Structure formats: structure tokens, C-alpha cells
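Heads up: the sequence shown begins at 14 in our numbering, then just goes up one per residue. Think of the CB as a built atom: it goes at the ideal place given N, C-alpha and C, for glycine as much as any other residue. Just so we're clear, the structure is a prediction, and the values are computed from it rather than from any experiment. As C-alpha cells, the structure follows; a few thoughts come after it.
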Amino acid sequence: MDLRWWWLGLALVLAAAVTAVLAWRRARQGRSGEVVRAAHTGRLTRLAAYQNALSRLRLQLAALAVLLTLVVLPAAWAASRPADSELSSPERRNRDIMLCLDVSGSMFVTDQAILRSFANLATGFEGERIGLVLFDAQAVTAFPLTDDYDLVRTQLEEYADGFATFGADGSRDPQAGTWNPSIQGTSLIPDGVASCTQAFDHPEEERPRAIVLGTDNLVAGEGVYTHEEAFGLAQEQGVRVYALDPGFSGRPHEQLSTLTEQTGGRTYQLEDPEAVTQITEEIQRLEAARLPEREPALLRVDAPRWPMLALAVALLAYLGLAWRWRR
């Protein structure tokens, strides 16, 4: 925590100290000029009741002095404008990653693996925004782009668990909303990729964007987009597509590899235990290169909560005791 106006807090403490000294000296001088001496008061001052009252008064004055000090210190702390500091890396705060998962029947195991892998990696992200889109016959946004990593991790784990129950026990159903009886087809990968591309916000901004696509590229039916149109849309909007394919041979895989490479991405084999890590490293390395070199920025956020709370408690205690003892 930084004190942005530390000099103001120091000045307040010094002013309070000078005021206290001057008040104490003035009180002493005033008492010496106004004292009326009385004879034979020794018997009174030796009484136990008098001694107890005098001790109690001294204790009360000492307590009030301590509380007044406790009022001044948090007031000086608050006046110093405390702030939390954070080093912001601009190139990382502009990176968006959309998880785009085919939830057709052949992809359940693959999707679970991807969701759990990214749930584990979420705690290591710094500034990246993550979103999740699920698709079969049609696409559903599970959650939009966010840098709330606690939410990201929780949502990804819940959707991964949902592939075992599909909402039967009140858990999340990853297929909810992805089936439409009016659409003749399932596993419409081109439509899913197009929906994921359109899920990126602020299209007018120059932001590094990447799609992590989980699919076997086995299309059943005809959708709105062809493969070339969907991946062409991603390429047109500067979105790189990185695919995780449970298969690693045949025409569907070859087509997927060609299309992802056209966007600047790549297709990985799901069985590769380092596939997800390699994708995130590739995104960080390639996407960061698009941004101009900028020095990390130091962000300061005012944090007056604790000094103001301490000031309120000390002030209430001082006023309460002063009022009570005055009575």
C-alpha cells in the first residue's frame, strides 16, 4: 500500500502535536493565575474517597488522550491518501480467448478434458479475458468474456461435471439450448465457429483474439455457414483459431488443420498431454507480438476503507466516553 499524499498526513500529525503542546501550556498558565489557595485542606486530600476520585479523573483524562491520539492517527492515514498499487502489462490486458466447444455426442470426453484443463490454467492467467460458447445444432453463450477467474474456474468445472449428469441432479447441462428441432442437423461446426467469432465484443478495437475450438469436425447436416465462410469470417476479423481434435487422421482432420492454419492458428491432437499448455503459450507468444511495445503501467487505486473505519471507531469511542464521563 502506498501513501500518495504522505506529506499531508505528516503535516496533520505535526499540527496536532503542536496544538496539544500549546493547549497543555496554556492550561497550566491559566491554572496558576486563577488558583485560590485554601488553608487546612490536607485532611480532605488524604481521604480515601478523594484519592479514588482523583485517580479516576486522571485515568479518564489519560484514556481520552489516548483515544484522541487514535482519532488523529487514522485521520492522518486517510489524509495521506492510501492506495493499492498494481503493475499492469498492457499487452496482456488486451488478449481475449473464447473456448468454443462442440457438445455433440461424440465430443463428451474431449470437452470434459478441455474444460478441466482450462479450469486448472485459469488461476495462472493475468489480464486475459475468457469466454465459453457451446454448440451443436445451434450455439449458446455459457458465459461472456470476463477476467473474473474465480467465476471462470467455477463455471468450467461445473460444465465439465455436467457431462456426467446433464442437469439430472441440478447441475449444469452443457447441451441445454444447443438443440433445435427446427434445424435439420447436428454438430454444425461452421455455424459454431461463426457464433464464437461473433461473440467477441468491441469489434472496432484492435485486440488480439483467439478461439480454442474443441471438435472432431464431423458435421451432420447443413447449416447457415460453410467451413470456408466460417473460418473466413474469423480470419477477416483477425481471430486465430486453435483446434483440439480427438482424431488425428482422415479428411475431417486434414480440413480442420488447413482451415485453422489459414487463420494463423493450428490444430492439436487431444491425446497430447501438453496440447492445452502449448495452445496457451502459442496464444501468449503470437498474440502479444501484434501489440506495440509499451512499458508496464503502474495502476493506483485509492484504498481509504481501513483508515476511515478506524477513524470512525476511534471518534465514536472518544465522543461516547467524553459524554458519559462529563455527566
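For residue i, the first and last residue of its enclosing alpha helix (DSSP H)
i      : result
ASP163 : 162 to 178
GLY140 : Per DSSP, GLY140 belongs to no alpha helix (DSSP H) and is neither H nor E.
MET120 : Segment: none, MET120 is in no alpha helix (DSSP H) and carries neither H nor E.
ARG339 : 318 to 339
ALA243 : 240 to 249
PRO157 : Unbroken run through PRO157 is the beta strand (DSSP E), 152 to 159; no alpha helix (DSSP H).
ARG264 : 263 to 275
Buried versus exposed call for residue i [16 or more other C-beta atoms within 10 Å across all chains shown]
i      : result
LEU332 : exposed
GLY137 : exposed
VAL225 : buried
TRP20  : exposed
ALA62  : exposed
ASN230 : buried
PRO216 : exposed
VAL34  : exposed
GLN125 : buried
GLN64  : exposed
ARG264 : exposed
ARG108 : buried
ALA271 : A small fix is needed here, since residue 271 is Thr in this sequence, not Ala. The residue in question, THR271, is exposed, as its Cβ has fewer than 16 Cβ neighbours within 10 Å.
Inter-residue spacing [alpha-carbon to alpha-carbon] between residue i and residue j
i      : j      : result
LEU147 : THR178 : 17 Å
ALA335 : LEU80  : 10 Å
GLY236 : PHE131 : 29 Å
GLN268 : GLU218 : 30 Å
ARG142 : VAL31  : 53 Å
ASP97  : ARG17  : 10 Å
ARG39  : VAL314 : 43 Å
ARG59  : ALA66  : 12 Å
GLY118 : PRO95  : 55 Å
ALA78  : TRP90  : 19 Å
GLU294 : GLY251 : 18 Å
ALA207 : VAL153 : 12 Å
ALA88  : GLN73  : 23 Å
VAL326 : SER93  : 19 Å
LEU311 : LEU70  : 52 Å
GLU241 : ALA155 : 25 Å
ARG185 : ALA316 : 38 Å
GLN282 : HIS266 : 10 Å
ARG5   : LEU329 : In the structure displayed, the chain extends from 14 to 340; residue 5 sits before or after that span and is not available.
PRO6   : PRO320 : There is simply no residue 6 to check, as the chain begins at 14 and stops at 340 in what is shown.
ASP285 : ILE292 : 11 Å
GLU287 : LEU257 : 11 Å
ARG339 : GLY140 : 57 Å
ALA323 : PHE121 : 54 Å
ASN133 : TYR162 : 10 Å
Span of the beta strand (DSSP E) around residue i
i      : result
PHE213 : Element bounds for PHE213: n/a, residue is neither H nor E.
PRO87  : Unbroken run through PRO87 is the alpha helix (DSSP H), 61 to 92; no beta strand (DSSP E).
LEU226 : 222 to 227
THR280 : 279 to 282
ARG253 : 252 to 258
LEU311 : 310 to 315
Cβ separation of residue i and residue j, assumed to be a contact under 8 Å, to the nearest whole Å
i      : j      : result
PHE244 : GLN275 : 6 Å
LEU128 : TYR172 : 6 Å
GLY227 : ARG253 : Actually they do not touch by this definition, with Cβ atoms about 15 Å apart.
GLN151 : ILE110 : In fact, because the Cβ distance is near 22 Å, the residues do not count as touching under 8 Å.
LEU158 : ASP214 : 6 Å
VAL85  : VAL26  : 7 Å
THR123 : PRO221 : Contact flag wrong, Cβ pair sits at about 25 Å.
THR290 : GLY234 : That pair is no contact at about 34 Å.
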